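Structure record follows, encoded as C-alpha cells.
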Amino acid sequence: MANKQRVLMICLGNICRSPIAEAVFDDYINKNNLNDKWQVDSAALIGYHTGKSPDSRAMKTLRDKGISNYSHRARPITKDDFNKYDWIFGMDEDNISELNRLKPSGSKAKVELLGSYDPEGEKIIRDPYYDDNSAGFVKAYEQCVRSVESFLQKH
Ligand code: WE7
Numbered sequence: 068m069a070n071k072q073r074v075l076m077i078c079l080g081n082i083c084r085s086p087i088a089e090a091v092f093d094d095y096i097n098k099n100n101l102n103d104k105w106q107v108d109s110a111a112l113i114g115y116h117t118g119k120s121p122d123s124r125a126m127k128t129l130r131d132k133g134i135s136n137y138s139h140r141a142r143p144i145t146k147d148d149f150n151k152y153d154w155i156f157g158m159d160e161d162n163i164s165e166l167n168r169l170k171p172s173g174s175k176a177k178v179e180l181l182g183s184y185d186p187e188g189e190k191i192i193r194d195p196y197y198d199d200n201s202a203g204f205v206k207a208y209e210q211c212v213r214s215v216e217s218f219l220q221k222h
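To get this note's numbering, take the position in the sequence shown, counting from 1, and add 67.
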C-alpha cells in the first residue's frame, strides 16, 4: 500500500536490542491490523555481526513472550536508510549521537530514542550484551512493548 510509514530500530550490533524492538513492533502491527500502514526493520551502527541471527538470549526472550516466528539477519545501516525511513529509533544516547553523526543533512528520518515514548519515563534501553544472564533482555523487551504501544497510539 502507498504511503506506509517506515520505522527502523537501531542498536550497536543489531543482535540484541534492535531485533527485540523490531519483533515487538512487528507483532503489535500484525495483531492490530496495522500492516497496511506501517513497516519495520532493524539495523546496526557497526557491521561487526552482519549476516548473524540475533543473540540467543534475545530469541529466547521473544519466544518466552510468545513471539516465535521472528527471524532476522544483522545488517549495518546505510545512508539511504535516512531517506527511506520516517523514524529511526536508537536505544541509548550513544546510538543517538552516532545516528546524528551518520545522518546526511536534509534527510527525512526523525532520529529519536525509542524510550522517549515510554509512559513510565524510562528513556534508555540499556545494552545487555555483556550481562551473564538474560534479565537485561527481558527488561529491554518490556521497555520496547511500552514504548511501541505508546508510539503507535500517538501516530
Ligand atoms: C557489543 C555490544 C552489543 C558492546 N552487541 N557487541 Cl565486541 C564488539 C566490538 C565492536 C562491535 C560490536 Cl557490535 C561488538 C560486540 C555486540 N550489544 N555491546 N559490544 C560494547 C558494550 C560496551 C562497551 C563496548 C562495547 C564494544
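Heads up, the beta-carbon is just placed ideally off N, CA and C, and yes, glycines get one too.
Treat the numbers as computed from the prediction; the structure is a model and nothing was measured.
Cβ separation of residue i and residue j, assumed to be a contact under 8 angstroms, to the nearest whole Å
{"i": "Lys190", "j": "Ser183", "result": "6 angstroms"}
{"i": "Lys119", "j": "Ala141", "result": "5 angstroms"}
Status (buried if at least 16 other CB within 10 Å, exposed otherwise) for residue i
{"i": "Asp148", "result": "buried"}
{"i": "Ser109", "result": "buried"}
{"i": "Asn186", "result": "What sits at residue 186 in the sequence shown is Pro, not Asn. So Pro186 counts as exposed."}
{"i": "Ala69", "result": "exposed"}
{"i": "Asn81", "result": "buried"}
{"i": "Tyr115", "result": "exposed"}
{"i": "Ser122", "result": "The sequence given here has Asp at residue 122, not Ser. The residue in question, Asp122, is buried, as its Cβ has 16 or more Cβ neighbours within 10 Å."}
{"i": "Asn162", "result": "buried"}
7 angstroms Cβ shell around residue i - same chain, five flanking residues per side excluded
{"i": "Gln210", "result": "Gly182, Asp185, Glu189 and Ile192"}
Beta-carbon contacts of residue i that lie in its chain and below 8 angstroms, excluding the five residues immediately before and after
{"i": "Ser52", "result": "It is not possible to answer for residue 52, since the shown part of the chain is limited to 68 through 222."}
{"i": "Asp153", "result": "Gln72, Arg73, Val74, Lys175, Ala176 and Lys177"}
Own chain partners of residue i with C-beta closer than 6 angstroms, once the 5 adjacent residues on each side are dropped
{"i": "Val215", "result": "Val91, Phe92 and Tyr95"}
**Asked** Residue ranges of each alpha helix (DSSP H) run of no fewer than 4 residues wholly in the region 157-207, ordered along the chain?
**Response** 160-169
**Message:** Counting beta carbon pairs with one atom in the region 92-100 and one in the region 158-176, are three or more of them shorter than 8 angstroms?
**Reply:** no
**Request:** Go through the region 80-160 residue by residue and report every complete run of the beta strand (DSSP E) that reaches 3 residues or more, in order.
**Result:** 105-111 and 154-157
**the region 124-131 touching the region 149-165, judged by at least three CB pairs closer than 8 angstroms** = no
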